[in-house]
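To start, the structure itself, in structure tokens.
There are 2 protein chains.
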Amino acid sequence: MRIGELARRTGATPRALRYYEEQGLLTPERRPSGYREYGERDVDTVHGIRTLLAAGLNSAAVAGILPGLPRPGRRRPGPTCPELLAGLGRERERITRQMNELAAARALLDDIMGAAAPSEVIRAPRPESVGRRSVGGPSVR
Amino acid sequence: MRIGELARRTGATPRALRYYEEQGLLTPERRPSGYREYGERDVDTVHGIRTLLAAGLNSAAVAGILPGLPRPGRRRPGPTCPELLAGLGRERERITRQMNELAAARALLDDIMGAAAPSEVIRAPRPESVGRRSVGGPSVR
DNA sequence: CTTGACTCTGCCGTCGGCGTGAAGCTCTAG
DNA sequence: CTAGAGCTTCACGCCGACGGCAGAGTCAAG
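Going down the list, the protein sequences come from chains A and B.
Residue numbering for the first sequence follows my numbering, starting at 1 and increasing by one per position.
Residue numbering for the second sequence follows my numbering, starting at 1 and increasing by one per position.
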């Protein structure tokens, strides 16, 4: 398929798709005319890219990770193991920290909202965990 | 206290503290010499600011929210209610979405790691939730 | 008085993931 | 054949939370 279709099917803009290619995240074929030609698998790849970018990874990190997902068709012996795995772990750690920060911020907002609107329509605040005061919520790992 | 001490006690740099002031998030007194003089309460305020900024809120949003937290000393009748509360809800929603995105990304990483390192030292992946395949984890609200 | 640590006000630099034209070639339906 | 949608490669713009530096004033100790 061409870039427009891939864009529609992934939610990314053509510009973004070209940018991903520039960063080495995507390597479409080329028609004689110069038009990019993408395969079906690229749909999943782009979804993966967007998921990771949305989580705050930069394109370099994604470039280092992505090679491991074109269908996790069992086994992935050599190329995935060396320090790539370490990077994976670090990114995972970053994400976990970020989740905790978000949880803290949300708890702070809940605290403020709770103080300002005692009997207000709260956004599905998990009926129990509206715990009064003290924002230090549980921190998972 | 002066800016250096506040910086040390909050983890923010002096530059950041001046920036917060520039954005209207902080309004320290001034000594005759021009030096900024902060109060004890500013320590908490800065922590709140950093928590919210770390969650992806911009300084304008923080500025609209912060007035509600200098000690939630019960009641907060007028000034906190109008559309400020709506903004609070929107930010809360944003944070929740972001948490879900992070969870998705982490699940993706786990998937890749799981495929690459079958019996590897996994980062405390919550013994049960290592569910094989299919990244579509639970999405809370 | 001197020194060294601290603070002040500008003001430019940064970084990353694109947005947004500009100028020109390609493809396809009618 | 022709129009119009779609594609190509540059290349500058943006935004936001600071970092960093310059040049100058302030403060407490010795």
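Ideal Cβ positions, reconstructed from N, Cα and C, are used throughout, including at glycine.
- Counting only residues of its own chain and dropping the five nearest sequence neighbours on each side, B/Tyr35 has a CB closer than 7 Å to the CB of Arg2.
- Taking C-alpha positions only, B/Ala61 is separated from A/Leu108 by approximately 14 Å.
- Between B/Met99 and A/Gly89, the gap from beta carbon to beta carbon reaches 9 Å or more.
- The contact set of A/Gln98 on chain B, defined by CB atoms closer than 7 Å, consists of Leu102 in chain order.
- For A/Glu5, the secondary structure class from DSSP, reduced to helix, strand or coil, is helix.
- Residue pairing by DSSP puts B/Glu37 in a beta bridge opposite B/Glu29.
- Non-local beta-carbon contacts of B/Gly87 in its own chain, meaning distances under 8 Å to residues more than five positions away in sequence, involve Ala61, Gly64 and Ile65 in chain order.
- Residue state for A/Ala55 is assigned as coil, using DSSP reduced to three classes.
- Of B/Leu102, B/Glu21, B/Thr51 and B/Arg94, the smallest CA-CA separation from B/Gly11 is found for B/Thr51.
- The beta carbon of A/Tyr38 sits closer than 6 Å to the beta carbons of Met1, Leu6 and Pro28 from its chain, once the five residues preceding and following it are set aside; these are given in chain order.
- For A/Asp44, the number of other beta carbons within 10 angstroms of its own is below 16, and it is reported as exposed.
- Taking 9 Å as the threshold, the shortest C-beta distance from B/Arg92 to chain A falls below it.
- Using a Cβ-Cβ cut-off of 9 Å, B/Thr51 counts as an interface residue toward chain A, since at least one Cβ of chain A sits closer than that to its own.
- Cβ atoms of B/Arg106 and A/Arg92 come within 8 Å of each other, at about 6 Å.
- Exposure of A/Gly24 is indicated by the presence of fewer than 16 other C-beta atoms within 10 angstroms of its C-beta.
- What A/Ile65 touches in chain B, judged by beta-carbon distance under 8 Å, is Leu109 and Ile112, going in chain order.
- For B/Arg9, the closest C-alpha among the options B/His47, B/Leu57 and B/Gly68 is that of B/His47.
- In the structure shown, B/Gly114 falls within a helical segment according to DSSP collapsed to helix, strand and coil.
- Setting aside the 5 residues that flank it on each side, A/Leu57 is surrounded in the same chain by Glu91, each with a C-beta closer than 7 Å to its C-beta; the list follows chain order.
- Put simply, the CB of A/Gly89 is near chain B, with a gap under 9 Å to one of its CB atoms.
- The alpha-carbon separation between B/Ala54 and A/Ala104 amounts to approximately 10 Å.
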